[in-house]
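Counting the sequence shown from 1 gives a position; my numbering is that position plus 24.
By construction, the Cβ of each residue, glycine as well, lies at the ideal position given by its N, Cα and C atoms.
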Amino acid sequence: MRVLIPAAELARRVAELAARIDADYRLVAGGRRGGRPRPQDDPLMAVGVLKGSVFFLADLLKRLRVPVAVDFFQTASHGSGGENRGEVRIRKDLDLSIRGRDVLLVEDIVDTGFTVRTILDLLRYRGARSVRLCALLDKTAARQVEVPIDYRGFAIENVFVVGYGLDHGERYRNLPYIAVWQAEGEPPAPPTAERSVSGMQFHHTDQAPAAIGPYSQAVAVDGWLYTSGQVGLDPATGELVAGGFEAQARRALENLRQVLASAGCGFADVVKATVYVIDLADFPRLNAIYGEAMGEHRPARSTVQAAALPRGALVEIDFVARLRAGAGASQAAD
Ligand code: IMP
């Protein structure tokens with residue numbers, strides 16, 4: 025299994041969503057003046073869908089300051105890999121009345137859309153004052169019925185994911201990150217970091233090739249993470265990936281993504297990159313692949329042509345990244 029969204033990334037996004045929800049529900053709408061502060065006896069009704077949304081819902085609600093009441097639906101789930109044909113059965117209904125209330129439906133993932141479509145319609149039918157949807161994950165490519173997502177955590181590819189509440193056959197809900205489920209293989213071991221007397225943390229993850237000499241995949245110190253160079257080695261085989269420059273560049277970046285994730289960072293935290301290429305003629309191809317990975321983010325970068333790289337690789341990349349507050353410490357095994 026590979027980590028798709030690391031724990032630190034989830035925490036950051038949940039905090040952003042909570043801030044938006046808090047701002048939107050601070051007032052009870054009414055009249056031309058835009059509303060009055062929400063009283064305790066008119067709480068926002070947060071409705072979770074059991075069981076998957078429980079982890080997300082708990083983290084989200086702990087960050088809200090508006091008065092909140094909580095209730096749950098349980099629907100019949102996909103089962104293990106079964107097809108959802110649009111028939112959604114309610115296994116457990118709400119305990120509380122939602123008539124005249126502002127309701128926020130909190131869901132872990134919107135896949136075909138049948139589950140939330142059914143619940144949203146039911147909530148409206150029961151006379152809620154307003155109904156909005158907050159979904160952590162959105163598999164847009166799998167959608168079969170339209171559902172407007174008012175607060176969306178992440179758009180993800182059409183793959184089966186586990187962790188942070190999501191299961192496969194009731195397993196993996198307690199993973200602190202979201203991973204792509206694969207039939208073979210166990211979930212990635214939690215990344216480790218050893219702290220030395222000098223205050224440096226030496227990071228290691230099995231999701232990237234192990235260091236093949238007296239060095240670490242990455243070292244964190246004083247709020248910064250310094251990674252070793254990564255080439256396009258497949259961590260599973262220890263061999264360079266086939267497919268030439270482009271495949272190697274993609275693999276090197278994926279290895280770095282995993283190293284960053286082991287320290288609770290992502291590409292958005294990278295401040296400086298150094299890229300070594302065997303042939304500077306590959307510069308445009310490098311830029312295309314690198315730009316795809318970085319999105320809008322534009323860290324500083326040096327690109328140099330090297331005479332040779334380890335294992336005959338065509339490209340090697342290393343990063344300096346800023347650690348997120350608390351991320352390094354929580355990963356430390358000291
Ligand atoms: P939908 O009705 O197809 O949108 O499916 C929603 C439900 O299917 C979610 O609440 C999950 O329980 C389940 N589900 C869909 N995709 C995944 C996945 O990738 N991992 C785990 N559960 C999933």
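So, using beta-carbon positions, are V73 and T99 closer together than 8 Å?
Their beta carbons are under 8 Å apart, which means V73 touches T99 by this criterion.
Provide the residue span of the alpha helix (DSSP H) that contains Y49, from first to last.
Counting along the chain, the alpha helix (DSSP H) containing Y49 begins and ends at 31–49.
Counting only runs of 3+ residues fully inside the region 73–160, write out the beta strand (DSSP E) ranges in chain order.
Segments of the beta strand (DSSP E) lying fully in the region 73–160: 92–99, 114–116, 126–134.
In this structure, does DSSP put E316 in helix, strand or coil?
Three-state DSSP puts E316 in a helix.
Please go through the same chain and pick out, in chain order, the residues whose beta-carbon is closer than 6 Å to the beta-carbon of A292, but skip the five residues on each side of it.
Excluding residues within five positions, the ones whose Cβ falls inside 6 Å are H321.
Drop a sphere of 10 angstroms on the beta-carbon of E340, count the other beta-carbons inside from all chains shown, and report buried for 16 or more, exposed for fewer.
So E340 ends up on the buried side.
Can the beta-carbon of V38 be found closer than 8 Å to that of L85?
Contact flag unset, no.
If you compare alpha carbons, which of V294, S286, G268, E316 is closest to I302?
Residue G268 is the option with its Cα nearest to I302.
Within 8 Å (strictly less), CB to CB, does P91 reach chain C?
The structure shown contains no chain C, having only a single protein chain.
Count Cβ pairs between the region 272–279 and the region 241–260 that sit closer than 8 Å; are there 3 or more?
As far as the Cβ criterion goes, the region 272–279 touches the region 241–260, which means the pair count is three or higher.
Can you tell me whether L347 is buried or exposed? The criterion is at least 16 other CB atoms within 10 Å of its CB, across all chains shown.
It counts as buried.
Could you have a look at S326 and say whether DSSP puts it in helix, strand or coil?
Three-state result, S326: strand.
Regarding T164 and the ligand IMP, is the C-beta to nearest heavy atom distance less than 7 Å?
Every heavy atom of the ligand IMP is 7 Å or more from the Cβ of T164, so no.
Less than 8 Å separating the beta-carbons of S252 and T298?
No, these two residues do not count as a Cβ contact at 8 Å.
For L338 and Q272, what's the separation of their Cα atoms in angstroms?
Near 7 Å, if we compare the C-alpha coordinates of Q272 and L338.
Look at the alpha carbon of T206 and the alpha carbon of M25, and state the distance between them as a whole number of angstroms.
The residue asked about is misnamed: residue 206 is Gln in this sequence, not Thr. Answer to the nearest angstrom: the Cα atoms are 5 Å apart.
Which class does G162 belong to by DSSP, given the choice of helix, strand or coil?
One detail in the question is off: residue 162 reads as Asp in this sequence, not Gly. D162 falls in the strand class under three-state DSSP.
In chain order, what residues of the same chain have a beta carbon less than 6 Å from the beta carbon of P200, not counting five sequence neighbours either side?
Cβ within range, chain order: A31.
Per DSSP, what kind of secondary structure is F343 in: helix, strand or coil?
Correct three-state label for F343: strand.
Do R167 and T136 have their C-beta atoms closer together than 8 Å?
Yes, these two residues count as a Cβ contact at 8 Å.
If you run the structure through DSSP and keep just helix, strand and coil, what is G268?
Helix at G268.
Going straight from the alpha carbon of R195 to that of I133, what length do you get?
So the alpha carbons of these two residues sit roughly 17 Å apart.
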